[in-house]
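Visitor:
In the UniProt record's numbering, the protein residues as written are 1 to 640.
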């Protein structure tokens, strides 16, 4: 090809930063580059197998799917070739010219300076191909899309700096070949024995055969003398080339399960748990499901690609089949292989197939069972899972009514009896500790643990030693609008509506509350008039022991946490006014009741209202006016 067909293009700015980091920083586990390149080659072969179901001509004259690895110790090169689907020029530019298209900035932001930890981020952000630059100072890719003429192949070359070149070349065979020109200090990867050991270690489970040349011994006579030149070495399989999920569980080691997880997820860390299962009966399928140990950067993007790798009769169909698990389990990785779906299945057909719905129900329960077992057998691993994925799991009760109780059983919370701020208390454990006569699960929603712990709404619960859940995740108030009860016990927001402690209040307590209301009618009327524009109503309460006042949300109104989240997001929120509750036993409220000057009474009532709003995490409409009123009252007290 002439130089006129060659074009030099620049990497995006963030990609330059990333390449620099890959080359100069991430050296802790260099051999993982080979696993990533083999995994990509395997995916390319699987995709061709799927496309050839409807167009067998794509196999051309080479029906075999394979991956070949060639080493040249003299030239210090390592070449990985596959007979997969290949790429067009546009696909080469898109896939190899734009690194981690949706996550480069996040990747760079999460780098810690610890080589070992940073190298684990490679797979998390989908930049596995670029790990080649850890060991190579020049990478050449030659690729031809299956079904495209042999003179329309593409050659991509980069030295991992500011740019790369793309040109049109000839290539007889379909697929992709990646040649790594190894750095001077990385010649270990041009040693055939070393490379074979890496393939066996990381890629034995790959269903596509990985081939390398086997050195042939020279022919010798009876005296041991060499009588002929050694034959040209032939290629032989280095890996077992058997789909791991098709093997019996007893034949698969933990190490193999871990490595297969890294293959399907492109995650460099081990999973927390997995479940390998074969179902026979009305529908037959095999599943291998994994619970990751760390969340991907796009976990909160509900529109991001997700789902299981789908195979039909061991033929790859699609990477992200989202139809087999609900959205709140989008963190689960793995494979499902069905005998009951058509090889020509599409996403649209999947949505209408009754077998899919049956499999989805069963797989969902299996994941929930996995998590339940993990929580019982390994509390440390479950705590790690909860820290990474707990907020996503909390989407479950709204999306999956049938499994609401199963999901809630997996939740963990901080409570007023927790030893730390860690979310480590289950609802089942809470119920076991409930006081005699307690028939509700009490909770409070706040922006953080300190705010929740110091809320005036908890004062009576501390007095009676009643445990309260401290809900501080942004999703919690929304969650509780869908999770009405657990194990027959209703949830009760301690900051909403009138306080009802049921049997925890004695008859004397209930009578005392009625008496307080009657004894303070004049005070209630005066405060209601002074704050008529700001409160829905005013009442006295027995829920306070140390604070003079608190704000309560109406039964049907939006809570303060949800209101603040929507306001910060620029969303419209419905108009509502809080209920002001006064503690008639508090000295400030008694001082308010004794105040005869109406202007001073109004100022003091306003200060108590503003303090109550601040205590619940709210914002004052006019902070300067609050400070002015407070200073005025303080001056009056010093003069008096």
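We put the CB at the ideal spot given by N, CA and C, even for glycine.
Taking the straight line between their C-alpha atoms, what separation do you get for residue 366 and residue 471?
Guide: 28 Å
Visitor: Measuring CB atoms only, is the segment 366-385 touching the segment 407-418, in the sense that at least three cross pairs come out at less than 8 Å?
Guide: yes
Visitor: Counting C-beta neighbours from all protein chains within 10 Å, is the total for residue 543 16 or more, i.e. buried, or is it exposed?
Guide: buried
Visitor: Comparing C-alpha positions only, which one of 202, 205, 207 and 196 sits nearest to residue 214?
Guide: 196
Visitor: Tell me whether the segment 53-70 and the segment 160-171 touch, counting them as touching only if at least three CB pairs, one residue from each stretch, are closer than 8 Å.
Guide: no
Visitor: Could you pull out every residue in the same chain whose Cβ sits closer than 8 Å to the Cβ of residue 405, ignoring the five residues on either side in sequence?
Guide: 486 and 487
Visitor: Determine the direct distance from the alpha carbon of residue 376 to that of residue 278, and round the result to whole angstroms.
Guide: Looking at the two C-alpha atoms, the distance is approximately 24 Å.
Visitor: Comparing alpha-carbon positions, which option in 181, 315 and 235 lies nearest residue 46?
Guide: 315
Visitor: Specify the secondary structure class of residue 73 as computed by DSSP and reduced to three states.
Guide: coil
Visitor: Within the 8 Å Cβ cut-off, does residue 194 reach chain B?
Guide: This model lacks chain B altogether; it includes just one protein chain.
Visitor: What runs of the beta strand (DSSP E), each 3 residues or longer, lie entirely inside the segment 332-392?
Guide: 333-338
Visitor: Where does residue 409 sit, in a helix, a strand or coil, going by DSSP?
Guide: Three-state result, residue 409: helix.
Visitor: Scan the segment 470-515 and note each continuous alpha helix (DSSP H) run of 4 residues or more that stays entirely inside, going in chain order.
Guide: 476-480
Visitor: Expressed to the nearest angstrom, what Euclidean distance is found between the alpha-carbon atoms of residue 567 and residue 169?
Guide: Roughly 57 Å between the two C-alpha positions.
Visitor: With three or more C-beta pairs closer than 8 Å as the rule, is the segment 514-526 touching the segment 555-565?
Guide: no
Visitor: Do three or more CB pairs link the segment 447-459 to the segment 521-535 at distances below 8 Å?
Guide: no
Visitor: Roughly how many angstroms lie between the CA atoms of residue 572 and residue 318, to the nearest whole one?
Guide: 40 Å
Visitor: Rounded to the nearest angstrom, how far is the Cβ of residue 146 from that of residue 174, given a contact under 8 Å?
Guide: Indeed, because the Cβ distance is near 4 Å, the residues count as touching under 8 Å.
Visitor: If we count the other Cβ atoms within 10 Å of its Cβ and call it buried at 16 or more, is residue 276 buried or exposed?
Guide: buried
Visitor: Give the DSSP bridge partners of residue 138, in chain order.
Guide: Under DSSP, residue 138 forms a beta bridge with 181.
Visitor: Is the segment 244-264 in contact with the segment 351-361, if contact means three or more CB pairs nearer than 8 Å?
Guide: no
Visitor: Can you name the residues that DSSP bridges to residue 276?
Guide: 288
Visitor: Would a C-beta distance cut-off of 8 Å place residue 30 and residue 134 closer than the cut-off?
Guide: yes
Visitor: Quick test of the definition: if touching needs 3 or more C-beta pairs under 8 Å, does the segment 70-89 touch the segment 31-45?
Guide: Output reads yes: the segment 31-45 touches the segment 70-89.
Visitor: Thinking just about the alpha-carbon of each residue, which of 417, 413, 435 and 433 is nearest to the one in residue 425?
Guide: 413
Visitor: List in chain order: all unbroken beta strand (DSSP E) runs of 3+ residues lying wholly within the segment 531-608.
Guide: 537-540, 549-552 and 579-582
Visitor: Taking the Cβ atom as the reference point for each residue, do residue 578 and residue 552 lie within a distance shorter than 8 Å?
Guide: yes
Visitor: For the alpha helix (DSSP H) containing residue 54, list its first residue and its last residue.
Guide: 32-54
Visitor: How would you call residue 89, buried or exposed, if buried means at least 16 neighbouring beta carbons within 10 angstroms?
Guide: buried
Visitor: Let me check one thing: in DSSP terms, what residues is residue 210 bridge-paired to?
Guide: 67
Visitor: Looking only at its own chain, which residues have a Cβ that is under 7 Å from the Cβ of residue 339, when we skip the five neighbours before and after it?
Guide: 284, 285 and 313
Visitor: Looking at C-alpha atoms only, which residue of 635, 623, 491 and 294 is the closest neighbour of residue 427?
Guide: 491
Visitor: To the nearest angstrom, how far is the alpha carbon of residue 87 from that of residue 576?
Guide: 58 Å
Visitor: Given that a residue counts as buried once 16 or more other Cβ atoms are within 10 Å of its Cβ, and exposed if not, what is residue 484?
Guide: exposed
Visitor: Taking the alpha helix (DSSP H) that residue 427 falls in, what are its first and last residues?
Guide: Segment 427-432, the alpha helix (DSSP H) holding residue 427.
Visitor: Please report the Cβ distance between residue 360 and residue 325, rounded to the nearest whole angstrom; I am assuming they are in contact, meaning their Cβ atoms lie under 8 Å.
Guide: Your pair residue 360 and residue 325 checks out as a contact, with CB atoms roughly 7 Å apart and the cut at 8 Å.
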